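Q: Below is one structure. I have some questions about it.
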Amino acid sequence: MKKIVLTGGGTAGHVTPNLALLPSLKEAGFEIMYIGSYEGIEKKLIADFDIPYQGIATGKFRRYLDPKNFSDPFRVMKGFFEAKKILKEFQPDVVFSKGGFVSVPVVRAAASLKIPCIIHESDVTPGLANKLCIPVAKKVCCNFPETLKTLPEGKAVLTGSPIRKELAEGNPIAGLNLCGFTANKPVILVMGGSLGSANVNQAVRSALPELLKDFQIVHLCGKDKVDNLLLDQVGYKQFEYVKAELKDLFAAADLVISRAGANAICEILALKKPNILIPLPAEVSRGDQLLNAASFKEQGFSVVIEEDDLTTKALTAAVQDLYQNRQTYVDTMSASSQMDSVATIMGLIKEAAGLE
């Protein structure tokens, strides 16, 4: 039996692609272990999957002044030696990393033990954690054609992001029933990220009088962001967040309005949902969502509205235009080479582990 260590954490986006690989890894006969931080979100997310979990010390690498810049390097070194001890005991054939700062000590420790590492970069430009891992990685998976130019020749593979199989198994009738919607009016699914987006929420709610004439809207608005004054609005259903029900809401949706986080838009691509992306502006991020959205627009997958241009008029016009031309977007997404990410990544894992 071959063994694999999965790592990645800090946010759900650094964990869910690993979860998407689990069924195929188990089917291929891999014994699996997860290495994450002591109490990070990855520990909570992995808990449901009956996989051994080991925590290590982690530290964040910051590009700005912070007192923790003096202490965190020592935490990273501690994590490196903890990871090395775990890897020596488990003796994996390969390590797969989805990124985040917890992955740095794991990947570097694996490389010091000559264990092949495959890492995955979600965004157009690699984040700092992955930049520290790329030099010792065997292969670097990515989501965007533009990323290939920024990675070492011979290492980069355009795979797309692994998507949970169950997302494609939703029931549209269950989604409509969950929202109390009718089957004879198209549905827009609005997603503002795991914490929600105040600006996206405001724009969508301001546009409700126009949009509800032609559409029904299910709005994943984020924790504590439900508008109680709109609870009885016909054709408009709000949730702080959903878990298992997401597949049914995707199945029921004709259009999607979303932030441009890499995992979210890769799920939209895999499900071939015509979409409008509203990326986080550069002043509140490192600009990765702007680049992600620009790439999807260039490839013909998405309509993009930057936040500075987000008005009620712009949003309603974009929705109407997208709905009229929705089949063009579906056809373009269907032709993408990034549609079978799990199979592509599994091929790389098996090769690194000596199975192919």
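Residues are numbered in the numbering used here as their position in the sequence shown, beginning at 1, plus a constant of 1378. From the three backbone atoms N, C-alpha and C, an ideal C-beta is built for every residue, glycine too. These figures come from a predicted structure and were not determined experimentally.
1. Buried or exposed for I1551, going by 16 or more other Cβ atoms inside 10 Å?
2. CB-CB under 6 Å to Q1432, same chain, minus the five flanking residues each way: which ones, in chain order?
3. For L1627, I'd like the list of residues in its chain whose CB is within less than 6 Å of its CB, leaving aside the five on either flank, ordered along the chain.
4. Run the CB neighbour count on D1471, radius 10 Å, all protein chains shown included, and call it buried at 16 or more, exposed below.
5. Would DSSP call K1651 helix, strand or coil?
6. Compare the beta carbon distance of I1654 and I1683 with 8 Å and say whether it is the shorter of the two.
7. I want to know whether the segment 1674–1681 touches the segment 1705–1715 - three or more CB-CB distances under 8 Å.
8. For T1560, count neighbouring C-beta atoms within 10 Å of its own C-beta (all shown protein chains included) and say buried if the count is 16 or more, exposed if not.
9. With a 10 Å radius around its C-beta and 16 neighbouring C-beta atoms as the bar for buried, classify N1508 as buried or exposed.
10. DSSP three-state call for S1636: helix, strand or coil?
11. With which residues is L1567 paired in a DSSP beta bridge?
12. Among T1389, F1452, F1408, which one has its Cα closest to the Cα of K1421?
13. Going by C-alpha distance, which of L1733, S1673, I1496 is nearest M1711?
14. With DSSP run on the structure shown, which of helix, strand or coil describes T1537?
15. Distance, Cα to Cα, T1525 vs V1502?
16. Which first and last residues belong to the alpha helix (DSSP H) in which V1480 is found?
17. Which value, in whole angstroms, describes the spacing of the CA atoms of T1689 and L1609?
18. At the level of alpha carbons, what is the spacing between I1346 and S1636?
19. Quick check on the burial criterion: 16 or more other C-beta atoms within 10 angstroms. Buried or exposed for K1527?
20. Between the alpha carbons of V1480 and A1435, how many angstroms are there, rounded?
21. Our contact map puts P1430 next to A1461 with C-beta atoms below 8 Å; I'd like the distance itself, whole angstroms only.
22. Taking all protein chains shown into account, decide if V1612 is buried (16 or more other Cβ within 10 angstroms of its Cβ) or exposed.
23. Once the 5 residues before and after V1720 are set aside, which same chain residues still bring their CB inside 8 Å of it?
24. Mapping DSSP to helix, strand and coil, what is M1717?
25. How is the beta strand (DSSP E) around L1590 delimited, first residue to last?
26. Do K1728 and A1425 have their C-beta atoms within less than 8 Å of each other?
27. Spatial neighbours of H1498 within its chain, please: CB distance less than 6 Å, with the 5 preceding and 5 following residues excluded, ordered by chain position.
28. Starting from the N-terminal side, write out each stretch of the beta strand (DSSP E) that is 3 residues or longer and does not extend beyond the segment 1512–1563.
A: Looking at the coordinates:
1. Answer is exposed; the Cβ neighbour count stays below 16.
2. I1413, I1464
3. G1553, L1567, V1596
4. buried
5. coil
6. yes
7. yes
8. exposed
9. Buried: at least 16 other Cβ atoms inside 10 Å.
10. strand
11. V1596, V1634
12. T1389
13. Measuring from the Cα of M1711, the nearest candidate turns out to be S1673.
14. coil
15. Computed Cα separation, rounded: 5 Å.
16. Here V1480 belongs to no alpha helix (DSSP H), and DSSP marks it neither H nor E.
17. 23 Å
18. Residue 1346 is absent from the model: the chain starts at 1379 and stops at 1734.
19. exposed
20. 8 Å
21. Not really, about 14 Å apart at Cβ, beyond 8 Å.
22. exposed
23. A1398, L1399, S1402, P1540, I1541, K1543
24. If DSSP states are grouped into helix, strand and coil, M1717 belongs with coil.
25. Careful: L1590 lies outside any beta strand (DSSP E) and carries neither H nor E.
26. no
27. For H1498, where only same-chain residues beyond five positions count, the Cβ hits under 6 Å are K1476, C1519.
28. 1517–1520, 1534–1536
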